[in-house]
Amino acid sequence: MTDITIPFYQYILEGGNGLTPKDDALYSLREDALVRFRSLGLPDLKSEAWRNTNIQRILKEQPFTLRQQAAPVSAAQVAPAFIQGLSCYKAVLVNGHLQPELSQLPDVKGFTITKLSEASKNEAFKSHFDKHPHLADQPFAALNTALFADGLFIELKANTVLDKPLHIVHVYTVSQHAFLQPRHLWVAHTSASATIIESALGLHENAVAFVNSVSEIFLEDNAEIWHYNLQDMSPDSRHIYQTAASQQTYSRYHHYNFTLPHATLVRNNLSVALNGSYTETDLHGLYLATGNQHVDNHTFVDHLQPHCNSNELYKGVLLDNANGVFTGRIHVHQDAQKTNAFQQNNNLLLSEKADINSQPQLEIYADDVKCSHGFTVGQFSEESLFYLRARGIGEEAAKTLLVNAFAFDITDKVHIPALQHHLTEQIRRYVSGVSINN
Amino acid sequence: MLTIKNLHAEVEGKEILKGIDLEIPRGEVHAIMGPNGSGKSSLASVLAGRENYTVTQGEVIFDGKDLLEMSPEDRAREGVFLAFQYPVEIPGVSNLHFLKTALNEIRAYKGLPALEAKEFLKLTKEKQQLVDFNANLMNRSLNEGFSGGEKKRNEIFQLAMLDPKLGILDETDSGLDIDALRIVANGVNKLRSADKSFLVITHYQRLLDYIVPDFVHVLYDGRIVKTGPKELALELEEKGYDWLKETVVHENV
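Chains as they are written, first to last, in this note's numbering: chain A, 1 to 438; chain B, 1001 to 1253.
Pasting the structure below:
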């Protein structure tokens, strides 16, 4: 494998032959993806989907190596990533590579969890890998397909129910600035169900990890997935998450996205294709950004079939110099009659220098639908703060109480008490001690 | 208990309180009446520490301490309680959690340990009964969707829970029907004691039929222009405030 230093984007764009692993079963797929990436090009501020996030500037900041062998990681190093009081299975990945010795993988009939690189002969892999329609025009998804190292493959056979949540910890450890590309594929067959929590842990110091991950999630008829994604990386992290779900008839996909301090950049491309009728889709997002964080959420719900319900609520709390971007696209196709599609984005700006750019994009081509969207931006109510203080509650505690109250709509929907407690505590920790002025 | 001397305060550069002198001894109930815009609610706000008011002159001594030096939370912890004219709705904060936080912050300030869950619930139940507060409202978000009467009752319930030395009721009666008014007033009357004082601010004499004050003060244009026994309230109700205006003008001449 060629080790490349920047300007790697130029290298990828202009040269870069021999980047994709030749011995790989996916060689031709990867080569095609590289061609696609080159033709799409690296997005700039003129690209509609990237006009509020200057990704080229961020990529030019450091020379990145494209592949990096991970240093050994000990159980003690990973321990802080686990959630207190949560009874769950555990899968630990280091730079995208599954570490069975650090994991407690489920031994449940009908449940498969392996390295993606070991799944190429699996039927579900063959029929689903890189098949999500929304990935085709995303440059960073193409780049990932071309160059991903490894990731997780999860399959639930029909009627398989995972009895406890699976917590996937993505550990990143780099000794020099690195561009990492994990790739995951989850397939839940008919009537299967699971709760999957993802979180990240950065062990690197003095080196930047740029993570460009892609997760494809397929829910077949009547399958149900509760998917929690906790994004709380160190400042030396930049993250682009592409999460693409596809739902068949009667399936339920519940997505919870929590972006917390301190990664410098977090970009989420979350998209859901509703390929069957009578589906339920919840997209819940909470972003709490501090310092110079830039948090960009792009969501896309593609209503292709009739009688589907999608419900989206994203709430943001922005402090210090943090920037937020929310773009919520809903496309209701002509055939998708009786669609219910709701979207709401509410923001709390707690500093004069913080800002939010929110944009709904509704394209509705069916005539018998219920769709709505809304956007609010506000500050702390001085009156609420005074009310709490007038009851003896200190200023800091009062502010934390109010932020938690604002986030409550989201945290209240977390259906795992230990996780809910963990998140509420995280919010408290990040908000207390930060000076808040209106 | 509370001594106010020559208190001047302004908001946005406009003088609202123009030299207030008031003494409320321990265990007494004092009523402040006055027309709209006379500075009644401003006085309550200044005592509770609302930040958009600037005190330009004078002092307020509460239980031997300089009240004006303290943050709003420290005033509450020292024992000043303001029942708001317009209680705030805070979605996402449960009434119960809010009260527990407030109570324990006040206890911590006094060097007392946090109340155990069991003790807290016992206290809650006892005070709910005392002020006739609907227990179903406890787990709801603070004041969210409460009726006007429920909000005011919640203020009195909080007062009962936090057990201050001085309760300031800022037009607690405004907008209440007679039943709600009776319930609120009964709550206050049950809380009256030899070591608790009240400052009852009201626009209407009606409240003082139920909460009978020891003294009535009339506030006009930022000053207390008349002080008298509880009968003064009746006089005001009969004559309105206009005659005061003339008196004040006359005195100034």
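The C-beta atom is built at its ideal place from N, Cα and C for all residues, glycine as well. This one's a predicted model, so the numbers in the text were calculated from it and none came from an experiment.
Item: Taking C-alpha atoms, which residue in B:K1005, B:L1068, B:Y1086 lies nearest to G1058 of chain B?; Value: B:K1005
Item: Where does the unbroken alpha helix (DSSP H) through G1148 of chain B begin, and where does it stop?; Value: 1148-1162
Item: Which full runs of the beta strand (DSSP E) of 3+ residues lie inside the segment 236-263 of chain A, going along the chain?; Value: 237-247, 252-259
Item: Under 8 Å, Cβ to Cβ, is there at least one residue of chain A near T1227 of chain B?; Value: no
Item: Could you tell me whether the segment 356-367 of chain A touches the segment 381-390 of chain A, where touching means 3 or more Cβ pairs closer than 8 Å?; Value: no
Item: Applying the criterion that 16 or more other CB atoms from any shown protein chain within 10 Å of the CB defines a buried residue, is E1126 of chain B buried or exposed?; Value: exposed
Item: Is the Cβ of R389 of chain A closer than 8 Å to any Cβ of chain B?; Value: yes
Item: Consult DSSP for V301 of chain A and reduce its assignment to one of helix, strand or coil.; Value: strand
Item: For chain A, is any of its Cβ atoms less than 8 Å away from the one on Q1158 of chain B?; Value: yes
Item: Distance, Cα to Cα, P165 of chain A vs Q247 of chain A?; Value: 21 Å
Item: Where does G96 of chain A land, buried or exposed, given buried means 16+ other C-beta within 10 angstroms?; Value: buried
Item: Evaluate N437 of chain A with the Cβ neighbour count: other Cβ atoms within 10 Å of its Cβ, from every protein chain shown; 16 or more gives buried, anything less gives exposed.; Value: Confidence at N437 of chain A is low in this model, with a pLDDT of 46, below 50, so its placement is unreliable and the value that follows should be read with caution. Exposed, by the Cβ-count rule.
Item: So with CB distances below 8 Å, who are the chain B contacts of I526 of chain A?; Value: Nothing can be reported for residue 526 of chain A: it is not among the residues displayed for chain A, which extend from 1 to 438.
Item: Pull up the distance between the alpha-carbon of H254 of chain A and that of P261 of chain A, whole angstroms please.; Value: 23 Å
Item: Please list, in chain order, all residues of the same chain as G1049 of chain B whose beta carbon is under 6 Å from its beta carbon, the five residues on each side excluded.; Value: P1072, R1075
Item: I'd like to confirm the pairing. Which residues does DSSP put opposite R51 of chain A in its beta bridges?; Value: According to DSSP, R51 of chain A bridges with nothing at all.
Item: Quick one: what's got a C-beta closer than 6 Å to G1013 of chain B's C-beta in the same chain, skipping five residues either side?; Value: none
Item: So, helix, strand or coil for V1046 of chain B, using DSSP?; Value: helix
Item: Taking the alpha-carbon positions, what's the I154 of chain A to L270 of chain A distance?; Value: 19 Å
Item: Relative to the alpha-carbon of R176 of chain A, which residue among A:L203, A:L185, A:H189 has its alpha-carbon at the smallest distance?; Value: For clarity, residue 176 of chain A is Gln in the given sequence; the question names Arg instead. For the residues A:L203, A:L185, A:H189, the minimum Cα distance to Q176 of chain A belongs to A:L203.
Item: Along the chain, where does the alpha helix (DSSP H) containing F125 of chain A start, and where does it finish?; Value: 123-128
Item: Return helix, strand or coil for A366 of chain A, following the three-state DSSP convention.; Value: coil
Item: Go ahead and label H298 of chain A buried or exposed: buried means 16 or more other beta carbons lie within 10 angstroms of its beta carbon, across all protein chains shown.; Value: buried
Item: Return the CA-CA distance between V1253 of chain B and D1214 of chain B, expressed in angstroms with no decimal places.; Value: Confidence is the limiting factor: at V1253 of chain B the pLDDT is only 46, short of 50, which leaves the residue's position unreliable, though a coordinate-based value still follows. If you take the alpha carbons of V1253 of chain B and D1214 of chain B, they lie about 31 Å apart.
Item: Would you mind sorting K1065 of chain B into buried or exposed? The rule is 16 or more other CB atoms within 10 Å of its CB.; Value: exposed
Item: Who are the Cβ neighbours of A1180 of chain B in its own chain at under 6 Å, not counting the five residues just before and after it?; Value: G1149
Item: For a contact meaning CB atoms closer than 7 Å, what does L1082 of chain B contact in chain A?; Value: A390
Item: Do you know whose CA, among A:D335, A:V295, A:H373, A:T339, lies nearest L328 of chain A's CA?; Value: Note that residue 328 of chain A is Gly in the sequence shown, not Leu. Among A:D335, A:V295, A:H373, A:T339, the Cα nearest to that of G328 of chain A belongs to A:H373.
Item: Could you tell me the alpha carbon to alpha carbon distance between N1189 of chain B and K1196 of chain B, rounded to whole angstroms?; Value: 11 Å
Item: Do we get a CB-CB distance below 8 Å when we pair T1101 of chain B with the residues of chain A?; Value: yes
Item: Could you give the distance in angstroms between the alpha-carbon of N122 of chain A and the alpha-carbon of G110 of chain A?; Value: 14 Å
Item: With distances taken from CA atoms, which of B:V1093, B:R1192, B:V1088 is nearest V1131 of chain B?; Value: B:R1192
Item: With H, G and I counted as helix, E and B as strand and the rest as coil, what does DSSP make of Q379 of chain A?; Value: coil
Item: When you compare the CB positions of L29 of chain A and D130 of chain A, do they come within less than 8 Å of one another, or not?; Value: yes
Item: Within 8 Å of any Cβ in chain B, is that where the Cβ of I196 of chain A sits?; Value: no
Item: Quick one: does I1106 of chain B have its CB under 8 Å from some CB of chain A?; Value: yes
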